[in-house]
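Heads up: the sequence shown is residues 10 to 222, going by the working numbering.
Structure, as structure tokens:
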Amino acid sequence: MKAESIPGEVHVNALPPGGELVYIREFIDRSRADRIFSTLLREPFWRSRTINMFGRKVMQPRKIAFQGDSGVSYAYSGDVHHAEPWHEALVALRTEIEREAGCEFNCALLNLYRDGRDSMGWHSDDEAELGSCPTIASISLGAVRRFVLRSKEDKTTKLEIRPAHGSLMIMRGDTQHHWQHALPRTALDVQPRINLTFRRIVRPPNRAVRRTP
Ligand SMILES: O=C(O)CCC(=O)C(=O)O
């Protein structure tokens, strides 16, 4: 399976046996996407984090930030993170994404992939604090990278998307129950990419932490 895209088109991919992925190629117009990308890239809030894997501390291959409403916490990368205030560039964007997705978000995880060596390993966004069928809305900015999904039931069943600069991808329904996703590293010479994933924390984390390599 492969989702091809043409400008402005909306793709809705059913993900049997459960879940749905919506891809909107030109959710943010080019000049605004350029502005948000270059503003966020310059911000000092990006952090390198370690993750505990099999008793060892490993540096995560990307930089991250976590922003949201006051008092929101999220357990990931081996720790509980408390939301920093929303960056002004994300405030209007959040409302537009909520309108599109038909639900509300109270936080966003920001990922900065500096080059092709930065990546995100296979995982599902299935932490208990996101509730049982979370809607995850993901904005891509900057370099185009491969975003891949694979079925948990049959790991050879895959879907690949190359999210465009300014695009929006929404995973909803049972997607996190049946599918994992990843952003693989690449040997290609690629420029930085920023990804903003808007989420809704529905209950406080219980320190059962997400470990995403
Ligand atoms: O950078 C991406 O598109 C993937 C981000 C992701 O998988 C996550 O934040 O859970």
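By construction, the Cβ of each residue, glycine as well, lies at the ideal position given by its N, Cα and C atoms.
Taking a contact to require three or more Cβ pairs closer than 8 Å, the segment 73-91 and the segment 164-181 do not qualify as touching. Selection Pro143, Arg154, Ser149 evaluated against Leu192 yields Arg154 as nearest (Cα-Cα). The continuous stretches of alpha helix (DSSP H) do not include Leu24, and DSSP gives it neither H nor E. If only complete runs of 4 or more residues are kept, the segment 86-164 shows the alpha helix (DSSP H) at 97-110, in order along the chain. Remark: fewer than three beta-carbon pairs, one from each stretch, lie closer than 8 Å, so the segment 122-132 and the segment 40-51 are not flagged as touching. Counting the other Cβ atoms within 10 Å of the Cβ of Asn22 gives 16 or more, which makes it buried. Around the CB of Ser79, fewer than 16 other CB atoms lie within 10 Å, so the residue is classed as exposed. For Gly182, the closest C-alpha among the options Trp55, His20, Leu24 is that of Leu24. A contact between stretches requires three or more CB pairs, one per stretch, nearer than 8 Å, and the segment 58-69 fails this requirement with the segment 197-211. A Cβ-Cβ contact shorter than 7 Å links His132 with Gln189. With respect to the C-alpha of Lys161, the residue from His20, Pro172, Glu18, Pro26 having the closest C-alpha is Pro26.
Taking the CA atoms as reference points, Pro53 sits about 11 Å from Ile73.
Checking the DSSP bridge columns, you'll see His190 partnered with His132, Leu158. The Cβ atoms of Leu118 and Phe75 sit closer than 7 Å to each other. Using a cutoff of 6 Å, the CB of Phe75 does not count as near ligand 1, since none of the ligand's heavy atoms is closer than that. Look at Leu192: its beta carbon is less than 6 Å from one of the heavy atoms in ligand 1. Per DSSP, reduced to three states, the secondary structure at Ser79 is coil, with no helix or strand assignment. Closer than 6 Å to some heavy atom of ligand 1: that does not describe the Cβ of Asn22.
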